[in-house]
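**Q**
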Amino acid sequence: MSFTLTRSLTAVRSCLPCTSLHPFLRSTYSTTTNEQHIQRKLPLVRPHRFKEFDLADRVYAVTGGGRGLGLAMAEALMEAGAKVYCLDRLEKPHPEFETAKGQAEKEYGGALEYRRIDVRNEPEVNDVFAEIASRDKRLDGLIAAAGINHLQSALEHSRSALNEVMQINYNGVFNSATAAARQMFKYQQKGSILLVASISGLIANKGMTSPVYNSSKAAVIQLARSLAMEWGRQGIRVNSLCPGHILTPMVEQVFEQNPAAKAIWEAENMLGRLACPEEFRGAALFALSDASSFMTGSTMIIDGGHTAW
Numbered sequence: 073m074s075f076t077l078t079r080s081l082t083a084v085r086s087c088l089p090c091t092s093l094h095p096f097l098r099s100t101y102s103t104t105t106n107e108q109h110i111q112r113k114l115p116l117v118r119p120h121r122f123k124e125f126d127l128a129d130r131v132y133a134v135t136g137g138g139r140g141l142g143l144a145m146a147e148a149l150m151e152a153g154a155k156v157y158c159l160d161r162l163e164k165p166h167p168e169f170e171t172a173k174g175q176a177e178k179e180y181g182g183a184l185e186y187r188r189i190d191v192r193n194e195p196e197v198n199d200v201f202a203e204i205a206s207r208d209k210r211l212d213g214l215i216a217a218a219g220i221n222h223l224q225s226a227l228e229h230s231r232s233a234l235n236e237v238m239q240i241n242y243n244g245v246f247n248s249a250t251a252a253a254r255q256m257f258k259y260q261q262k263g264s265i266l267l268v269a270s271i272s273g274l275i276a277n278k279g280m281t282s283p284v285y286n287s288s289k290a291a292v293i294q295l296a297r298s299l300a301m302e303w304g305r306q307g308i309r310v311n312s313l314c315p316g317h318i319l320t321p322m323v324e325q326v327f328e329q330n331p332a333a334k335a336i337w338e339a340e341n342m343l344g345r346l347a348c349p350e351e352f353r354g355a356a357l358f359a360l361s362d363a364s365s366f367m368t369g370s371t372m373i374i375d376g377g378h379t380a381w
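Numbering (the working numbering), first residue to last: 73 to 381.
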């Protein structure tokens, strides 16, 4: 391994002066091919590894953060050092949240807080985001994960169900994103916003008759692109996430209405299974941290290959 590294560095030297090399390569660079010399120059300790993922002292909000996918992503930000406000319409936090909050206080440098909110209520959303940002005089970003589904064919879909799905899945995301951006602009805080869409916004899922839900998620994908264009020059990045089928309480309700859906979705997946909420922690941290500093207007598809056939 050391011999390979030595040969690689010699090849690099023939093309670039030592001062042009990456700091790590400069630390191992030598005019000799002595293996012991290279080993001696390797750093023994690497503090703050992947510092781009460090969220210490940052403040984020996660709608739909009371349980399931939203809470899993909120925990990821918290474990990276952030203070995270989980916003949900649950009257009181789900037991999953209380468990996560206890771990945050004992094991990590971050913090989890809960606020009850209805994302359909624009004045309420604006007030809650203003209160959150005022506490630390900053808001670094948002994950908009609040959403619902309603299984019903197009010809049978009621007007009330249509309005509810669109008001939460689209209007609620729009309200949350704009409320977050207002505070980020107010405190001159650059950052990142992640809108949770779905692969249902990209394809018509077999075994899931929900034309309004699918359309609402397609709208979220386009909203992310539009906001990215509008806010990018001011330092706010906006991206969307399209998860595949996840074992969440909402999906369990789908299986209750359509028991055959689980087998169909597993068969359509290249990994032969559904996802767990925890499998999206890394994506959340990447999207909200400096690790994705040149990514905006993009759609992350994490679906076990479901849409890649």
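We treat Cβ as the ideally placed atom computed from N, Cα and C, and that holds for glycine.
At which residues does the alpha helix (DSSP H) containing Glu203 begin and terminate?
**A** Residues Glu194 to Asp208.
**Q** If you run the structure through DSSP and keep just helix, strand and coil, what is Met367?
**A** The answer is coil: DSSP assigns Met367 none of H, G, I, E or B.
**Q** With a threshold of 7 Å (Cβ to nearest heavy atom), would Arg161 be considered close to the ligand SAH?
**A** The model depicted lacks the ligand SAH and carries no ligand whatsoever.
**Q** Extract the residue ranges of the alpha helix (DSSP H) inside the region 251–336, only unbroken runs of 4 or more that lie entirely within it.
**A** The qualifying runs are 283–303 and 321–329.
**Q** So for Val134, helix, strand or coil by DSSP?
**A** The answer is strand: DSSP assigns Val134 an E or B state.
**Q** Just the Cα atoms here: how many angstroms apart are Met342 and Gly377?
**A** When rounded, the distance between both Cα atoms is 5 Å.
**Q** Of the residues Thr320, Gly304 and Phe352, which one's Cα is nearest the Cα of Cys314?
**A** Looking at the Cα atoms, Phe352 is the closest of the given residues.
**Q** With a CB to CB cut of under 6 Å and the five nearest residues on each side skipped, what residues in its chain are close to Ser370?
**A** Hits under 6 Å: Asn311.
**Q** Would the beta-carbon of Asn221 fall within 8 Å of that of Ser287?
**A** Their beta carbons are not under 8 Å apart, which means Asn221 does not touch Ser287 by this criterion.
**Q** If I follow the unbroken alpha helix (DSSP H) through Gly174, where does it start and stop?
**A** Run containing Gly174: Pro167 to Glu179, per the alpha helix (DSSP H) assignment.
**Q** Does DSSP put Asp362 in a helix, in a strand, or in coil?
**A** If DSSP states are grouped into helix, strand and coil, Asp362 belongs with the helices.
**Q** For Asn247, count neighbouring Cβ atoms within 10 angstroms of its own Cβ and tell me buried if that reaches 16, exposed if not.
**A** By the 10 Å Cβ count, Asn247 comes out buried.
**Q** Can you have a look at Trp303 and say buried or exposed, based on whether 16 or more other CB atoms are within 10 angstroms of its CB?
**A** So Trp303 ends up on the buried side.
**Q** Measuring only the C-alpha atoms, how far is Val156 from Leu319?
**A** If you take the alpha carbons of Val156 and Leu319, they lie about 23 Å apart.
**Q** DSSP on Gly376, reduced to helix/strand/coil?
**A** Looking at Gly376 - three-state DSSP - the assignment turns out to be coil, as it is neither helix nor strand.
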